[in-house]
Amino acid sequence: MSLERIRLASLHNKVMSAEQAADIIEDGMTVGMSGFTRAGEAKAVPQALAIKALTTPMKISLMTGASLGNDLDKQMTEAGMLARRMPFQVDSTLRQAINSGQVMFIDQHLSETVEQLRNHQLRLPDIAIIEAVAITEQGHIVPTTSVGNSASFAIFAKKVIIEINTGQNPNLEGLHDIYIPSYRPTRTSLPLVKADDRIGSTAIAIDPAKIVAIVFTNKSDSPSTVTEPDADTQAIANHLVAFLEQEVIDGRLPKNLGPLQAGIGNIANAVMSGLLKSSFEHLTMYSEVLQDSTFDLIDAGKLDFASGSSITLSERRNKAVFGNLEKYKQKLVLRPQEVSNHPELVRRLGIIAINTALEFDLYGNINSTHVCGTKMMNGIGGSGDFARNAHLAIFVTKSIAKAGSISSVVPMVSHVDHTEHDVDILVTEQGLADLRGLAPRERAIQVINHCVHPSYREALLDYYNRACAKGGHTPHILAEALSWHQRLEQTGTMQVK
Ligand code: COA
0 MSLERIRLAS LHNKVMSAEQ AADIIEDGMT VGMSGFTRAG EAKAVPQALA
50 IKALTTPMKI SLMTGASLGN DLDKQMTEAG MLARRMPFQV DSTLRQAINS
100 GQVMFIDQHL SETVEQLRNH QLRLPDIAII EAVAITEQGH IVPTTSVGNS
150 ASFAIFAKKV IIEINTGQNP NLEGLHDIYI PSYRPTRTSL PLVKADDRIG
200 STAIAIDPAK IVAIVFTNKS DSPSTVTEPD ADTQAIANHL VAFLEQEVID
250 GRLPKNLGPL QAGIGNIANA VMSGLLKSSF EHLTMYSEVL QDSTFDLIDA
300 GKLDFASGSS ITLSERRNKA VFGNLEKYKQ KLVLRPQEVS NHPELVRRLG
350 IIAINTALEF DLYGNINSTH VCGTKMMNGI GGSGDFARNA HLAIFVTKSI
400 AKAGSISSVV PMVSHVDHTE HDVDILVTEQ GLADLRGLAP RERAIQVINH
450 CVHPSYREAL LDYYNRACAK GGHTPHILAE ALSWHQRLEQ TGTMQVK
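Have a look at this one:
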């Protein structure tokens, strides 16, 4: 035990086992837990709770920042203890439970959860469970590798359980910038005008009397699962870099592009890696998750500063970053997700937002979440927070999935996360469609000419021509608009056999 990490000595008597802390959580409670994109989640208490729930059935509503690592969502789902879950997840077992209707999943813009809590539109957490590297002399909480919604959960909850993770580098202290917006209707603007501005404190200020349990743990965050760029993601990156270079030449972007946001997943990570070989310098990021590519860009001297809400790294990168934190600390800040994703700041900073679509349609509507319009994949995450307000809203995807049986470019998306009004640029390995200033019929031509895979191009053009013959500002043949998805469900492929 490292009691020196609890610098307020009066809290030393709150130390207990994870099992004892789990006993504080009761059936029917709403729990707010740290954790954002598999980083900085509480680990020991939810695991103890899941084990307990196997023999003592219980249900909780669980809110986090975003996804959890260490198979926690899997274990909690298998224990049958999740009644409701929000606002994001990436776990295949939980995904199945969501799609079978066992778990009620609320898929939410990541910047909105605490705003809705603050305004009592959501039930406040009864209890918060927060991973920390330390508790300060004032009893304030120093988070670990993510901030997410932890600060507001701890502020709103009646009781707080802290997991001190001795495996996390104590030098993480100082990395965080905790800022809580004031209440409406007298809220002032968020005082942040540059990606590297610090506007808050380095720890979460709560009344230490609310801390009911402190548990020690030394479990690591799960490594990220991003794969190395392949030929397709490399091609997507190349198209995008060439486009951004032209924007600079044409005087529409500054030489360093302005702050960049990149979403989760393999494709967005590969696109950011593509900037390594570009001519851009003095880049900055104002994003939510900082992945391997962020640190590759810092090491290459390309990226001056990165603001995020979490750091999620592969095994390869983990030791190199957290083992040498001094090297990176001055170039990083971790913020609450309502600040990292704040629409006011995204618009003010002029962010270039790069997110991944599952599929998009002729006119530029985006589906990021629902396979065939019904089955939840992960959730909308922060993509809407950024895309709606970005200087450039860019969506990337491979033009086909599942060995070509799925076209990611379809006549009409089967679910809409981002409407055509929020989308500027679409990129697949086939090319890039610049939709700015174009009417729907012009957008469709760009999409057909530049984005769709050759094996689906003729069919998409045929659909578009016949839709145009019927007429309309945004031409469609309603009886056929989702026929590609129907064919996939019925025959296993969108291709006409
Ligand atoms: N229909 C069905 N499945 C599709 C598909 C489509 N149109 N397009 C891709 N997929 C499948 C892939 O085959 C792959 O399946 P697998 O895991 O069984 O191999 C899976 O989706 C992931 O695709 P991949 O190509 O590896 O991309 P990714 O890792 O970059 O993830 C998203 C893509 C869309 C799932 C992911 O980016 C996401 O959840 N986005 C929404 C949230 C978001 O944008 N957040 C940004 C801020 S956090």
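For the sequence shown, the residue numbers in numbering that gives the first Met the number 0 are 0 to 496. Idealized CB from N, CA, C, for every residue including glycine.
In the three-state reduction of the DSSP assignment, residue 258 falls in the coil class. Around residue 141, the same chain offers 131, 132, 133, 172, 202 as residues with beta carbons nearer than 6 Å, after the five sequence neighbours per side are excluded. At least one heavy atom of the ligand COA is found less than 7 Å from the C-beta of residue 379. Residue burial annotation: residue 454 is exposed, with fewer than 16 other C-beta atoms found within 10 angstroms of its C-beta.
Between the alpha carbons of residue 451 and residue 384 lies a distance of about 27 Å.
According to the DSSP secondary-structure assignment, residue 268 is paired through a beta bridge with no residue. Rounded to the nearest whole angstrom, the CA to CA distance from residue 381 to residue 369 is 16 Å. Within the region 392 to 451, the beta strand (DSSP E) runs of at least 3 residues that lie entirely inside it are, in chain order, 424 to 427, 430 to 433.
Collapsing the DSSP output to three states places residue 300 in coil. Unbroken alpha helix (DSSP H) runs of no fewer than 4 residues, entirely contained in the region 303 to 383, are found at 314 to 321, 324 to 328, 336 to 339, 342 to 348, following chain order. Fully contained in the region 72 to 138 are the following beta strand (DSSP E) runs of length 3 or more, in chain order: 81 to 85, 126 to 134.
Residue 144 sits away from residue 266, with the two beta carbons spaced by 8 Å or more. With a threshold of 16 other beta carbon atoms within 10 Å, residue 496 falls short and is exposed. Secondary structure at residue 38: strand, using DSSP grouped into helix, strand and coil. For the pair residue 270 and residue 177, the Cα-to-Cα distance works out to about 29 Å. Contact check for residue 422 against residue 386 passes: the beta carbons are separated by less than 8 Å. With a cutoff of 8 Å on beta-carbon distance, residue 225 and residue 274 are scored as not near each other. Leaving aside the five residues that flank residue 392 on each side, the residues in its chain whose CB is nearer than 6 Å to its CB run, in chain order, 352, 386, 421, 422, 423.
In the DSSP annotation of this structure, the continuous segment of the alpha helix (DSSP H) that includes residue 248 starts and ends at 230 to 248. The beta carbon of residue 63 is closer than 6 Å to those of 32, 34 in its chain, skipping five residues each way along the sequence.
Sequence-distant partners of residue 242 (beyond 5 residues in either direction) whose C-beta falls short of 6 Å from its own C-beta, in its chain, are 431. Remark: the shortest separation between the CB of residue 332 and any heavy atom of the ligand COA does not fall under 7 Å.
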